[in-house]
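Have a look at the structure below before the remarks.
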Amino acid sequence: MQTRVLTGITTTGTPHLGNYVGAIRPAIAASRRAEVDAFFFMADYHALIKSDDPARIERSRLEIAATWLAAGLDPNKVTFYQQSDIPEIPELTWFLTCVTAKGLLNRAHAYKAAVDKNVETAEDADAGITAGLYMYPVLMAADILAFDAQQVPVGRDQIQHIEMARDIAQRFNHIYGREFFVLPEVVIEEQVATLPGLDGRKMSKSYDNTIALFAGGARQLRETIMRIVTDSRMPGEPKDADSSSLFTIFRAFASEAESAAFRRALEEGIGWGDAKQVLYERLEADIAPMREHYENLIARPGDIEDILQEGARKARAIAAPKVAQLRDAIGLRAMSSTHTRSGVSKAASKTAKPPRLASFRDADGSFRFRLLSPEGDELLLSKAFNDPKQAGLVQKRLKTLGGTAATVLTVPRSCVLELDGEVVATGPDYADDATRDAAVVDLRAALDLLAAQEKGE
Ligand code: TRP
Numbered sequence: 150m151q152t153r154v155l156t157g158i159t160t161t162g163t164p165h166l167g168n169y170v171g172a173i174r175p176a177i178a179a180s181r182r183a184e185v186d187a188f189f190f191m192a193d194y195h196a197l198i199k200s201d202d203p204a205r206i207e208r209s210r211l212e213i214a215a216t217w218l219a220a221g222l223d224p225n226k227v228t229f230y231q232q233s234d235i236p237e238i239p240e241l242t243w244f245l246t247c248v249t250a251k252g253l254l255n256r257a258h259a260y261k262a263a264v265d266k267n268v269e270t271a272e273d274a275d276a277g278i279t280a281g282l283y284m285y286p287v288l289m290a291a292d293i294l295a296f297d298a299q300q301v302p303v304g305r306d307q308i309q310h311i312e313m314a315r316d317i318a319q320r321f322n323h324i325y326g327r328e329f330f331v332l333p334e335v336v337i338e339e340q341v342a343t344l345p346g347l348d349g350r351k352m353s354k355s356y357d358n359t360i361a362l363f364a365g366g367a368r369q370l371r372e373t374i375m376r377i378v379t380d381s382r383m384p385g386e387p388k389d390a391d392s393s394s395l396f397t398i399f400r401a402f403a404s405e406a407e408s409a410a411f412r413r414a415l416e417e418g419i420g421w422g423d424a425k426q427v428l429y430e431r432l433e434a435d436i437a438p439m440r441e442h443y444e445n446l447i448a449r450p451g452d453i454e455d456i457l458q459e460g461a462r463k464a465r466a467i468a469a470p471k472v473a474q475l476r477d478a479i480g481l482r483a484m485s486s487t488h489t490r491s492g493v494s495k496a497a498s499k500t501a502k503p504p505r506l507a508s509f510r511d512a513d514g515s516f517r518f519r520l521l522s523p524e525g526d527e528l529l530l531s532k533a534f535n536d537p538k539q540a541g542l543v544q545k546r547l548k549t550l551g552g553t554a555a556t557v558l559t560v561p562r563s564c565v566l567e568l569d570g571e572v573v574a575t576g577p578d579y580a581d582d583a584t585r586d587a588a589v590v591d592l593r594a595a596l597d598l599l600a601a602q603e604k605g606e
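Counting in the numbering used here, the sequence shown runs from 150 upward without gaps.
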């Protein structure tokens, strides 16, 4: 079973070494693992809360997408997209907004900090605070819940937001009477290094002490490294590696053996200027090939756009049926909808006629089954199995799966059901995507009914 891991990257600013070591590199390494189904996206709606400069928003999106690709993100393995290409996210944001307690948002750290600052300076408490900042946690909850993400790796400053996403999801589930959302878990990477910046404090844009990852090229990298603050020990005097920023940064890139050699050189009195040159050369060895890739990407923004659009297509294949299911659940249904579903989610498991699984033998002798709706319509047709036992096992699993846990992916005008990453059944062809989306809602409801029946409810 794969774990769905999702994280957002706010598209403001230019990536620096601290971002690379603390976030980009570990996230990409994790995304390569076979058991991880990674969703990485550019949180450009969130960026609007921080910046109203269109040129900056545009530039930052391009630079950040190129940075992640150049750093080794594989868009074939990872679903990589822009938040603003997924219309289901703002739609879900509104559904969630309507169940979110205003008091919960009053307690968000970022909003509270902004209010506190106003109060300190004797301003009106809400001076200069947009509703966007206030709503930030709800938008973030939608980012996560639209995809049923199980794990969300973030920095410590984001823990509260994940807790709020869980709160909001639980509230929605409770009100509408079904486990619509997976409750996401926060993942904090404990081992990753935090890098010191030029002045020895944590490297951060807010301290203006950063070393850019790619911007300015090799020359700027070297010049910035030469500005790292050191103590005043002269060449020939032994230097303490553990209290030196140079060593901390070096170690985040180098092997154990390389780090041991650098430590020895410092202890043996290498001059700070020479030590900085050693650091520069070690960083450049890692960064140069990525920078070349980065510059090639930046020169062809159309290619980046294509990659992101393909990512958005994959992402929407999950979010669109999810949001269609939610629209239905909250009562935003087509008026022409034939079945009056009032109370289906809460009561139907006890009253409605059940959906059925029907096995049959194909003309070529293989074994298949259909999932039929209570009205007898085909919802799914299984693939062909050579072994009737295999077909039976899959049916058994479908009986207990439930609509929320089922991996139903949409394809043009139809849908497929996956178990363990493998397609085991396909929906019929529908007249158009909207009909298909409505059918996916029915399919999930049918799977819920099957599971309820199996539990003897
Ligand atoms: N708020 C996050 C940050 O500033 C970025 C983000 C937006 C995010 N949406 C998300 C992270 C969803 C994880 C999941 O770092």
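Heads up, the beta-carbon is just placed ideally off N, CA and C, and yes, glycines get one too.
Of the heavy atoms belonging to the ligand TRP, none sits nearer than 6 Å to the Cβ of V589.
Where S408 is concerned, there is no enclosing beta strand (DSSP E), although the alpha helix (DSSP H) around it starts and stops at 405 to 416. Checking the 6 Å criterion, the Cβ of M289 is within range of a heavy atom belonging to the ligand TRP. With 16 or more other Cβ atoms inside 10 Å of its own Cβ, G551 counts as buried. Taking 8 Å as the upper bound for CB-CB distance, L222 and F188 are not in contact here, some 12 Å apart. For the options A263, T242, V154, the alpha carbon positioned closest to that of K226 is the one of V154. At a cut-off of 6 Å, the beta-carbon of T156 counts as near the ligand TRP: some heavy atom of the ligand is closer than that.
Along the length of the segment 280 to 362, whole alpha helix (DSSP H) runs at least 4 residues long occupy 280 to 294, 308 to 325, reported in chain order. L254 has its alpha-carbon roughly 20 Å from the corresponding atom of G304.
Of the heavy atoms belonging to the ligand TRP, at least one sits nearer than 6 Å to the Cβ of V303.
Of V589, K538, G541, the smallest CA-CA separation from V557 is found for V589. Annotation for V472: the continuous alpha helix (DSSP H) segment containing it runs 450 to 479.
DSSP places Y443 in no beta strand (DSSP E) but in the uninterrupted alpha helix (DSSP H) bounded by 421 to 447.
Remark: three or more beta-carbon pairs, one from each stretch, lie closer than 8 Å, so the segment 151 to 169 and the segment 362 to 376 are flagged as touching. Secondary-structure assignment with DSSP links A192 through a beta bridge to T159. Within the same chain, and ignoring the five residues on either side of M191 in sequence, the residues whose Cβ sits closer than 7 Å to its Cβ are I158, T160, R210, I213, A214, Q231, Q232.
Under the 10 Å beta carbon count, C564 is surrounded by 16 or more other beta carbons and is classified as buried. Pairing E237 with A483 gives a Cβ-Cβ distance that is not under 7 Å. When only Cα atoms are considered, A574 and L241 end up about 28 Å apart. Bridge pairing for L520: L506, L529 [DSSP].
Spanning the alpha carbons of Q458 and Y443 requires a straight line of approximately 19 Å. Here Y230 is bridged, per DSSP, to F190. Counting only runs of 3 or more residues that sit fully inside the segment 517 to 604, the beta strand (DSSP E) segments are 527 to 531, 556 to 560, 563 to 568, 571 to 575, in chain order. The beta carbon of Y283 is closer than 7 Å to those of L254, Y260 in its chain, skipping five residues each way along the sequence. Close CB contacts of R517 within its chain, under the 8 Å cut and outside five residues either way in sequence, are with S508, F509, R510, D511, L530, S531, K532, A533, F534, A540 (chain order). Taken through DSSP and simplified to helix, strand or coil, V264 comes out as helix.
The residues H310, in chain order, have a CB closer than 6 Å to that of M289 in the same chain once the five nearest residues on each side in sequence are set aside. Residue burial annotation: Q474 is buried, with at least 16 other C-beta atoms found within 10 angstroms of its C-beta. For A176, the enclosing alpha helix (DSSP H) has its first and last residue at 174 to 180.
Shortest Cα-Cα distance from K388 to any of T373, A401, A414 involves A414. Shortest Cα-Cα distance from G422 to any of I398, E372, R315 involves E372. Between L528 and L592 a beta carbon distance of about 5 Å is seen, short of the 8 Å cut, so the two are scored as contacting. Around the CB of G385, fewer than 16 other CB atoms lie within 10 Å, so the residue is classed as exposed.
Distances from the CA of T249 to each of R376, R315, K471, F411 were compared; the closest alpha carbon is that of R315. In this chain, Q151 is not harboured by any alpha helix (DSSP H), its DSSP state being neither H nor E.
Judged by their CB atoms, A478 and Y325 are nearer to each other than the 7 Å cut-off.
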